[in-house]
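In what follows, a single structure is set out as structure tokens and then discussed.
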Amino acid sequence: MSQAEATIRDTTEARPRTMAAKIGSVMQSQGALVMLVVVCSIATIRYEAFLTPENLLNVLRQNSMSGLIALGMTFVILTGGIDLSVGSLLALAGVVAAYLLPNGVFVAVLGAVTVTTLLGLVNGIIIAKAKIQPFIVTLGMMIATRGLALAITDEKSVRIGQTFEDFIYLGRGVIGDFLPVPVLILLIAFAAGWVVLNYTRFGRHVYALGDNDEAARLLGLNISRTTIGVYAISGALAGLAGVILAARLGAGNPVEGVGIELGAIAAVVVGGTLLTGGQGNVLSTLVGVLLLGVIFNIFNLEGQISPWWQPVLRGVILLVVVVIQNRLTKLK
């Protein structure tokens, strides 16, 4: 075979692979958005109540807390880490806010978020300095924080009186008779997260750490500071979610948030962020949150799916998405 013929053959074989890689890349980054459009279209045809403002706003309101958790989880997963403690931090924040409310709404919110941010910092410091796996560190924090929330409340909810209207407004308020306050907070948080990841040095360091931590270290990046920072962000957002949930429920409940970390991880993965880190963005996470929220809303609208089977379907959906993502990654 001549050199020219070999070159033509190699070019012909490379072209399909290049096209497949492009398709895989697009589907990995935009697949959740495509699925969201498809699922919404099917739901619109099948259920009359789906497109009503009440239902759509209810979906957004119900997923605002998990959305905040997923936003913080995105920062962590982009570095190749994981945070299992966010559910317990959410519960602790609600309890702390409820206890601090007699001192004012500002003190309650600031105190709750400060506590969870500090605990997030502890996670980050242990992971960065002691070089212990994030799974083990955050698992320990999850257990310890949940125990702390139960201990200081004597395993009881801390009721928030109706006199604290300004605080309750954070969870139940509506702006302009249309936009729920928790949804506005969620959108502001995601906008801030998008700016941080795309236009700041810290954001570039997050991606560099997740892509190749050794290369990032050789480039002189402060790996420890970045690691500590993402866990602090995760803790802060978990605290904010806990405050909003307590305001919505009218109580700080020490058993709230069980399993919410798994839902957050699912939303991040469904959105296209790789669990190995280095690839993904907050907007895709928001799409993942909405996609899962709409799917669960469809379960409720269907009315024939047992509550016991719904978690089974959720798990199956997550497994399918992870398998598809893995296949798409191999095409790149």
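Per our numbering, residue 738 is the first one in the sequence shown, and the count goes up by one each step.
For each residue, glycine too, the CB sits at the ideal point set by N, CA and C.
Small disclaimer: the values here were computed from a predicted structure and weren't measured.
CB contact flag (residue i, residue j, <9 Å)
| i | j | result |
| --- | --- | --- |
| Arg909 | Ala984 | yes |
| Gly1000 | Ala807 | yes |
| Ala1003 | Arg1064 | no |
| Gly1015 | Leu934 | no |
| Val967 | Phe812 | yes |
| Met772 | Leu1028 | yes |
| Gly817 | Asp950 | yes |
| Arg938 | Ala865 | no |
| Gly768 | Ala849 | no |
| Gly1040 | Leu855 | no |
Collapsed DSSP secondary structure at residue i in the structure displayed
| i | result |
| --- | --- |
| Gly841 | coil |
| Val995 | coil |
| Pro790 | helix |
| Ile880 | helix |
| Ile922 | helix |
| Gln1047 | helix |
| Gly976 | helix |
| Asp948 | helix |
| Asp820 | coil |
| Gln799 | helix |
| Asn1018 | coil |
| Thr1010 | coil |
| Gly957 | coil |
| Phe901 | coil |
| Tyr936 | helix |
| Glu1039 | helix |
| Tyr968 | helix |
| Tyr784 | coil |
| Lys868 | coil |
Same chain, Cβ closer than 6 Å to residue i, five either side skipped, listed in chain order
| i | result |
| --- | --- |
| Ile1042 | Phe1036 |
| Ala741 | Its pLDDT being 48, under 50, Ala741 is placed unreliably by the model, and the measurement read from it follows with that caveat. Answer for Ala741: no residue qualifies. |
| Leu986 | none |
| Val1049 | none |
Distance, residue j Cα to residue i Cα
| i | j | result |
| --- | --- | --- |
| Asp914 | Val859 | 41 Å |
| Ala828 | Gly994 | 6 Å |
| Val1057 | Leu821 | 22 Å |
| Ile960 | Ile922 | 30 Å |
| Gly1017 | Ala835 | 36 Å |
| Val1053 | Val844 | 43 Å |
| Gly1009 | Leu1020 | 10 Å |
| Phe901 | Leu982 | 15 Å |
| Val852 | Gly976 | 8 Å |
| Lys893 | Gly1030 | 29 Å |
| Val932 | Ile779 | 33 Å |
| Met879 | Gly809 | 16 Å |
| Gly930 | Thr964 | 16 Å |
| Leu1038 | Phe787 | 8 Å |
| Gly824 | Ile970 | 14 Å |
| Ala953 | Gly940 | 13 Å |
| Thr1013 | Ile814 | 7 Å |
| Val911 | Gly996 | 28 Å |
| Cys777 | Glu998 | 25 Å |
| Thr882 | Thr781 | 42 Å |
| Leu876 | Val1006 | 20 Å |
| Gln899 | Asn840 | 15 Å |
| Glu785 | Ile1061 | 31 Å |
| Phe927 | Ile869 | 29 Å |
| Val1026 | Leu956 | 34 Å |
| Ala751 | Ile819 | Its pLDDT being 48, under 50, Ala751 is placed unreliably in this model, and the value from its coordinates should be taken loosely. Rounded to whole angstroms, Ala751 to Ile819 spans 37 Å at the Cα level. |
| Asn795 | Val920 | 10 Å |
| Asp948 | Leu1011 | 10 Å |
| Arg1071 | Gly857 | Here the chain covers residues 738 to 1069 and nothing more, so residue 1071 does not appear. |
| Glu791 | Thr1022 | 24 Å |
| Leu1055 | Tyr936 | 31 Å |
| Thr789 | Val775 | 18 Å |
| Ile925 | Leu847 | 17 Å |
| Phe863 | Leu974 | The amino acid occupying residue 863 in the given sequence is Ile; Phe does not appear at that position. C-alpha separation (whole angstroms): 20 Å. |
| Leu793 | Trp1045 | 24 Å |
| Val842 | Arg783 | 44 Å |
| Val874 | Leu916 | 38 Å |
Contacts around residue i, its chain only, beta-carbon distance under 8 Å, and the 5 residues preceding and following it disregarded
| i | result |
| --- | --- |
| Gln1047 | Phe1033, Phe1036 |
| Tyr906 | Val918, Ala984 |
| Leu958 | His942, Ala945, Leu946 |
| Gly861 | Thr964, Ile965, Gly966, Val967, Tyr968, Ala969 |
Residues sharing a beta bridge with residue i, DSSP
| i | result |
| --- | --- |
| Gly989 | Val895 |
| Val1024 | Partner(s): none; Val1024 has no beta bridge. |
| Gly912 | A small correction: the amino acid at residue 912 is Ile; Gly does not occupy that position in the sequence shown. Its beta-bridge partners are Leu916. |
Residues near residue i by beta carbon distance below 7 Å, same chain, minus five either side
| i | result |
| --- | --- |
| Val832 | Ala886, Ile889, Thr890, Val895, Gly989, Pro991 |
| Leu838 | Ala845, Ile897, Phe901, Phe904 |
| Thr770 | The residue asked about is misnamed: residue 770 is Leu in this sequence, not Thr. Counting only Cβ-Cβ distances below 7 Å, and skipping sequence neighbours, we find Val1024. |
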